[in-house]
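What follows is a set of notes on a single structure, which appears directly below.
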Amino acid sequence: MDLKDLLRIHGCEADAREHTVLLRHRPYELRLRRAMPWIIEERPELFEVYQSVPGRPERSLLRAKLMVSFLGLHPGKAHFIGLYRIRGYRKLDCETFWAIPENHELHRLGYIGLTPEEAKDTGFRYQFDFELLPFHTEWRGRLVIDFPPPERAWFRWVDRGKFPVHAILEESAFAAPPADWREIDLAFDELNTLPGSWRSRLGEWRGIYLIFDESDRRMYVGSAYGAENILGRWLAYARDGHGGNRELRGRDPRNFRFSILERLGPDLSAEEVVVRENTWKTRLHTRRPFGLNLN
1 MDLKDLLRIH GCEADAREHT VLLRHRPYEL RLRRAMPWII EERPELFEVY
51 QSVPGRPERS LLRAKLMVSF LGLHPGKAHF IGLYRIRGYR KLDCETFWAI
101 PENHELHRLG YIGLTPEEAK DTGFRYQFDF ELLPFHTEWR GRLVIDFPPP
151 ERAWFRWVDR GKFPVHAILE ESAFAAPPAD WREIDLAFDE LNTLPGSWRS
201 RLGEWRGIYL IFDESDRRMY VGSAYGAENI LGRWLAYARD GHGGNRELRG
251 RDPRNFRFSI LERLGPDLSA EEVVVRENTW KTRLHTRRPF GLNLN
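So for the sequence shown, my numbering puts the first residue at 1; every next one is plus one.
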């Protein structure tokens with residue numbers, strides 16, 4: 001079965017199918033690419049702003065009636081996001097583009113957006129008004145199609161290509177379970193886009209964590225053993241940038257990276273956790289003047 005068959009079976013008329021475009025999003029900014037599944041799952045309003053300014057295929061979108069949106073998680077495959085009606089568009093110059101608050105949040109996640117150089121060359125970008133249609137929203141992140149090469153051709157007319165249905169997953173790929181705790185390495189701006197599965201797991205884990213400041217390579221070691229454990233501590237940093245730690249005040253938290261040094265058992269007392277924390281401070285030399293810990 002092909003994507004065209006799904007659209008036909010579920011009420012998309014021939015004329016509409018002939019004017020339907022497929023966008024397979026796969027940001028070339030690596031940080032944004034990693035965060036995009038989380039954004040789609042947890043911050044759909046942020047994704048809609050990102051999607052509304054598609055860049056290169058915009059002139060073809062001016063001729064389209066419908067747009068079916070996918071995310072490229074793996075080569076040769078695309079995961080369904082939604083089917084949209086194209087209701088209109090407007091032109092954005094550089095000033096208007098960056099007047100949209102969501103673009104600044106996306107920029108902090110690695111999004112380059114409309115640069116002054118591009119604006120000088122092209123003058124503007126189109127922003128489209130996409131209306132999400134009630135087309136199998138339960139398939140979001142679950143419907144997977146084959147996406148033939150070339151990989152970089154992320155804009156296609158649906159009626160001119162072949163997009164076989166590869167699978168319908170049991171669970172959404174956009175809400176994937178968290179990585180092994182030893183592999184977690186998060187940028188500051190990713191803390192507010194963590195999917196629910198990550199938040200749930202981090203809320204269960206107590207342990208010792210590391211904050212690395214990329215601006216001067218200095219480190220801070222902290223411990224988490226209170227309410228919501230590691231999640232609670234990291235969300236405190238996300239709220240104000242320093243989490244109440246005096247030594248982190250005045251630093252730009254956008255330079256911070258968060259990882260876990262050691263996971264500890266839930267029955268360990270607060271005193272025992274602090275002992276473990278101090279051993280890490282000693283071994284990593286994170287106390288001043290070399291690091292960011294005061295004691």
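Even glycine gets a Cβ: it sits at the ideal position worked out from N, Cα and C.
Nothing here was measured: the structure is a model prediction, and the numbers come from that model.
| query | result |
| --- | --- |
| Measuring only the C-alpha atoms, how far is P37 from R206? | 26 Å |
| R246: buried (16+ other C-beta within 10 angstroms of its C-beta) or exposed? | exposed |
| Taking G11 as the reference, which of D129, V49 and P134 has the closest Cα? | P134 |
| If you reduce the DSSP assignment to three classes, tell me which class M219 lands in. | strand |
| So, helix, strand or coil for L202, using DSSP? | helix |
| Does DSSP put H242 in a helix, in a strand, or in coil? | coil |
| Quick check: the Cα distance between F256 and E214, rounded to an integer number of angstroms? | 6 Å |
| Taking the alpha-carbon positions, what's the P149 to L210 distance? | 41 Å |
| Within 10 angstroms of its Cβ, does E42 collect 16 or more other Cβ (buried), or is it exposed? | buried |
| Applying the 10 Å Cβ sphere with the 16-neighbour rule, what's the burial state of G82? | buried |
| Hey, quick one: how far does the alpha helix (DSSP H) through V273 stretch, first residue to last? | A270 to L284 |
| Would you tell me roughly how many angstroms separate the C-alpha atoms of D146 and G250, rounded to the nearest one? | 49 Å |
| Using only alpha-carbon positions, find the residue among S200, H166 and V165 that is nearest to A179. | S200 |
| Using alpha carbons as the reference points, say which of L106, R156 and F128 lies closest to G88. | F128 |
| Indicate the three-state DSSP secondary structure (helix, strand or coil) for T193 in the structure shown. | helix |
| Measure the C-alpha to C-alpha separation of L284 and A270 and round it to an integer number of angstroms. | 21 Å |
| Whose C-alpha, out of D252, L235 and N229, is nearest the C-alpha of V273? | N229 |
| Using the three-state DSSP reduction, which class does W157 fall into: helix, strand or coil? | strand |
| Would the beta-carbon of D159 fall within 8 Å of that of R17? | yes |
| To the nearest angstrom, how far is it from the Cα of W198 to the Cα of E204? | 10 Å |
| How close, in whole Å, do the beta carbons of T20 and V68 come, if the pair is a contact with beta carbons under 8 Å? | 6 Å |
| Compute the Euclidean distance between the alpha carbons of A175 and G196, then round it to the nearest angstrom. | 7 Å |
| Report all residues from its chain with a CB closer than 6 Å to the CB of L292; omit the five preceding and five following residues, and keep chain order. | R218, Y220 and E247 |
| Consult DSSP for E131 and reduce its assignment to one of helix, strand or coil. | strand |
| Helix, strand or coil: which one does DSSP assign to H104? | helix |
| Start and end of the alpha helix (DSSP H) containing R24? | R24 -> not in any alpha helix (DSSP H); beta strand (DSSP E) instead, spanning T20 to H25. |
| What is the DSSP secondary structure of E138, counted as helix, strand or coil? | helix |
| Considering A78, what are the terminal residues of the beta strand (DSSP E) in which it resides? | K77 to L92 |
| Please say whether L32 and L109 have beta carbons closer to each other than 8 Å? | yes |
| Kindly indicate which residue of E190, H74 and L3 has the alpha-carbon position closest to the one of Y111. | E190 |
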